[in-house]
Amino acid sequence: YEEITDRGEKLFITLADFLFETKTTIFELVHKATFSKVIDGNEHQLIKLEHLYAILESNGFILNYTDRLAIESFVKPILRDNVDIKSIEYYLKSLGISDKLP
Numbered sequence: 148y149e150e151i152t153d154r155g156e157k158l159f160i161t162l163a164d165f166l167f168e169t170k171t172t173i174f175e176l177v178h179k180a181t182f183s184k185v186i187d188g189n190e191h192q193l194i195k196l197e198h199l200y201a202i203l204e205s206n207g208f209i210l211n212y213t214d215r216l217a218i219e220s221f222v223k224p225i226l227r228d229n230v231d232i233k234s235i236e237y238y239l240k241s242l243g244i245s246d247k248l249p
């Protein structure tokens with residue numbers, strides 16, 4: 148678990164650097180593939196994990212199998228293989244990384 152945790156933190160820091168360099172936010176990058184779903188009275192912006200991976204890779208952010216496991220362990224899929232975009236933003240903030248553009 149420690150290896151995944153270390154890998155996950157490094158991956159999200161690298162993702163934050165990638166987003167900074169491309170001058171975009173995670174939501175701006177993936178918004179066309181997201182859909183809204185109300186769960187327990189709260190609206191969530193969801194994306195299928197495979198769509199998230201495909202969008203990241205098509206924009207030059209290449210992921211290996213370990214990267215995918217790390218993402219899944221930190222952003223906990225809900226509704227089968229869908230993740231809430233806010234969970235990615237939340238994890239970036241927990242590392243001290245803003246989701247806002249400079």
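Residue numbering for the sequence shown follows the numbering used here, starting at 148 and increasing by one per position. Glycine is no exception: its CB is placed at the ideal position from the N, C-alpha and C atoms. As the structure is a computational prediction, the values presented were derived from the model and not from experiment.
Check	Outcome
Leu248 - DSSP class collapsed to helix/strand/coil	Note that Leu248 scores 48 on pLDDT, short of 50, meaning its location in the model is unreliable and no value can be drawn from it.
Neighbourhood of Ser234 by C-beta, 6 Å cutoff - its chain only, sequence neighbours within 5 removed	Val222
Runs of beta strand (DSSP E) wholly within the stretch 193-243 (minimum 3 residues, chain order)	229-231
Pairwise C-alpha distance: Asn189 and Gly155	27 Å
Validate contact between the stretch 180-198 and the stretch 224-233 using beta carbons, cut 8 Å, 3 pairs	yes
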